[in-house]
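Presented below is the structure to which this report refers.
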Amino acid sequence: MIHQTDYCILGAGLAGLSLADALQQQDFSVVLIDKNDIAAGASGTPGGLVNLATGRRATKVWKAEQCYEAITQNLSKVQAVTDKPFYQKSGLLRPALLKKMARKMSDRYANTPWPNGWCQWKSEGEIKEMHPGIQCVDGGLWLPIGLSVDVGAYLRGYAHLLSQLGVQIHTNQQAEIATADTGWQLAFEDTTVRAQHIVYATGGSTTESEYWDWLPLHYIKGQVALFSTGDRPLSFSHSISSLGYMAQTNKPNTFVQGSTYEHDFTHLNPDKEGEEYLRQRMRRTLPQLEEEVETVGQWAGVRTSTPNRKPILGRHPEHPNMHVFTGLGSKGLLYSKFLADHYVDYLTDGDALFPDVDIARIGN
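Numbering-wise, the sequence shown is residues 1 to 364 according to full-length UniProt numbering.
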């Protein structure tokens, strides 16, 4: 069987599915291939946040307004055709744990132009009233617009929607890639895909390709754990960002705690050391809760990071019909849809890429 297509995308995570969506909206034919399953890599985390104030100083993220609009619209679009809810606008609490941290967060907040209603500074007393038992020194931030998302469920729903719209998706297939007269040829089992363009959206395996082994990607293993309070309802309905994060899930009395940041790792599986690390983090923020919860699941994935902590988008310097979309890091959920749309605007209208994400910033 032979398929002719405009674009063949490798990788069915946040980057690959978002780009497939943006391309098919512009009437390009798209085939998507993943060597594993939908959301099998770092994109498949069972719990993630749309957090617009990150880092120790709670810095407003790059292109926050555009990214937030893009992901909220997309979550709503996918949820409309998915039976089970996979996200909620739970709000996000960011307590300061040290006086120095509170001072830096407060200064950054005071000097940041936040849209009306997006972000509020709360006193220590106000935060402890919002969440009894939480550790907090001198205040913190409350972001009512924060979202908690079962990212794996979102992507499986997204893939189903794209299939209905005409995107051909092949999973658990390792394709052999070769050049062809009109672009690229990808062969697996009894199928051959002939594509004018090929896009690598392969996350943690990007530099395994000889075409992209020069990219300055750094790989970070992240583990998360699912905790349950058993028969007792959770005492909070919002998510928390403090020494990692706690994200609401759609399972009763259950939340996700993440994440470890393992730069030197020897295996890709969740382990006991990861669980204990996450419990230690929880203990610093909510000591009483940590004593009460039971671990009911663990997950691990490998994220890609870049020197400026921004994704990499662009054409291969020697193969203009070969592209890459990688390096989403811990903000993949927030960046993916906005940057996919941005890249398709670049491909179709000739819009310049943002310098912060343009592959041109990197020499090979």
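Where a beta carbon is used, it is the ideal one built from N, C-alpha and C, also for glycine.
Confirm, please, whether the CB-CB distance from Leu92 to Gln135 is below 7 Å. Cβ atoms of Gln135 and Leu92: not closer than 7 Å.
Report the CB separation of Ala42 from Gly301 in whole angstroms; it is logged as a contact under 8 Å. Between Gly301 and Ala42 the Cβ distance is about 4 Å, and since that is below 8 Å, they are a contact.
So Val293 and Thr229 are supposed to be a Cβ contact under 8 Å. How far apart are they, rounded? Taking a contact as a CB-CB distance under 8 Å, the pair Val293 and Thr229 counts as one, their CB atoms being some 6 Å apart.
Residue-level contact to chain D via CB, Ser259, 7 Å cutoff: Here there is only one protein chain, and chain D is not present.
Could you tell me which uninterrupted alpha helix (DSSP H) segments, each at least 4 residues in length, are contained entirely in the stretch 138–223, listed from first to last along the chain? Whole alpha helix (DSSP H) segments, 4+ residues: 151–164.
If contact is defined by three or more beta carbon pairs under 8 Å, each pair taking one atom from either stretch, is the stretch 314–326 in contact with the stretch 193–200? With a cut-off of 8 Å, the stretch 314–326 and the stretch 193–200 count as touching, because enough Cβ pairs lie within range.
Under DSSP, the beta strand (DSSP E) around Asp345 begins and ends at which residues? Per DSSP, Asp345 belongs to no beta strand (DSSP E); it is in the alpha helix (DSSP H), 332–349.
Start-to-end residues for the beta strand (DSSP E) that takes in Val50: DSSP places Val50 inside the beta strand (DSSP E), whose first and last residues are 48–50.
Three-state class that DSSP yields for Cys136 in the structure shown: Cys136: coil per DSSP, three-state reduction.
Taking Arg281 as the reference, which of Arg309, Ile312, Thr72, Met246 has the closest Cα? For the set Arg309, Ile312, Thr72, Met246, the Cα lying nearest the Cα of Arg281 is the one of Met246.
Could you spell out where the beta strand (DSSP E) holding Arg315 opens and where it closes? For Arg315, the enclosing beta strand (DSSP E) begins and ends at 312–315.
With C-beta atoms as the reference, is Leu143 less than 7 Å away from Cys119? A contact, by the Cβ cut-off of 7 Å.
Measure the C-alpha to C-alpha separation of Arg232 and Gly297 and round it to an integer number of angstroms. Their backbone Cα atoms lie some 18 Å apart in a straight line.
Cut-off 6 Å between Cβ atoms - residues of its own chain near Thr348, not counting five sequence neighbours on either side: So the list reads Gln26, once near-sequence residues are dropped.
Leaving aside the five residues before and after His263 along the sequence, list all residues of the same chain whose C-beta is less than 7 Å from its C-beta, in chain order. So the qualifying residues of the chain are Ile220.
Report yes if the CB atom of Gln4 is closer than 7 Å to the CB atom of Arg194, and no otherwise. Closer than 7 Å, so yes.
Pairs of beta-carbons, one from the stretch 96–110 and one from the stretch 49–64, closer than 8 Å: are there three or more? The answer is yes - the stretch 49–64 touches the stretch 96–110, with three or more Cβ pairs under 8 Å.
Whole-angstrom distance between Val256 and Arg283, CA atom to CA atom: Between the alpha carbons of Arg283 and Val256 lies a distance of about 14 Å.
What number of angstroms, rounded off, separates the C-alpha of Leu10 from the C-alpha of Gly350? The alpha-carbon separation between Leu10 and Gly350 amounts to approximately 23 Å.
Using only alpha-carbon positions, find the residue among Val224, Ser330, Gly244, Ile362 that is nearest to Ala15. Checked all of Val224, Ser330, Gly244, Ile362; the closest Cα to Ala15 is Ser330.
At a cut of 8 Å, does the stretch 200–214 reach the stretch 299–314 through at least three beta carbon pairs? Yes: the two stretches touch, three or more of their Cβ pairs being nearer than 8 Å.
Return yes when the C-beta of Pro216 is under 6 Å from any heavy atom of the ligand COA, and no when it is not. Judged by which ligands are present, the structure shown has none, so any question about the ligand COA falls away.
Between Phe86 and Tyr7, is the Cβ-Cβ spacing less than 7 Å? Not closer than 7 Å, so no.
Sorted by chain position, which residues of the same chain lie with C-beta nearer than 7 Å to Ser29's C-beta, five sequence neighbours on each side aside? Within the same chain, Ser29 has close Cβ partners Thr5, Asp6.
Length of the line joining the Cα atoms of Asn111 and Asp181: Asp181 has its alpha-carbon roughly 55 Å from the corresponding atom of Asn111.
Restricting to Cα atoms, I'd like to know which of Lys128, Thr179, His170 is closest to Asp190. Considering only alpha carbons, the answer is His170.
Leu289 burial status per 10 Å Cβ neighbour count (16 or more: buried): By the neighbour-count definition (other C-beta atoms within 10 Å, threshold 16), Leu289 is a buried residue.
Sequence-distant residues of the same chain with beta carbon closer than 6 Å to Gly44, five excluded per side: The answer, listed in chain order, is Gly152.
According to DSSP, simplified to helix, strand and coil, what is Asp356? Note: Asp356 maps to coil in three-state DSSP.
Would you give the residue range spanned by the beta strand (DSSP E) that Cys67 belongs to? First-last for Cys67: 64–79, but that is the alpha helix (DSSP H), not the beta strand (DSSP E).
First and last residue of the alpha helix (DSSP H) that includes Met101? For Met101, the enclosing alpha helix (DSSP H) stretches over residues 99–110.
Would the beta-carbon of Tyr158 fall within 7 Å of that of Leu17? Yes, Cβ-Cβ distance for Tyr158 and Leu17 is below 7 Å.
How would you write the range of the alpha helix (DSSP H) that Ser123 sits in, first residue to last? For Ser123, there is no enclosing alpha helix (DSSP H), since its DSSP letter is neither H nor E.
Cβ-Cβ separation, Val137 to Glu124 (assumed contact under 8 Å), whole Å: Indeed they touch by this definition, with Cβ atoms about 7 Å apart.
Does DSSP put Arg303 in a helix, a strand or coil? DSSP places Arg303 within a strand segment (E or B) once states are collapsed to three.
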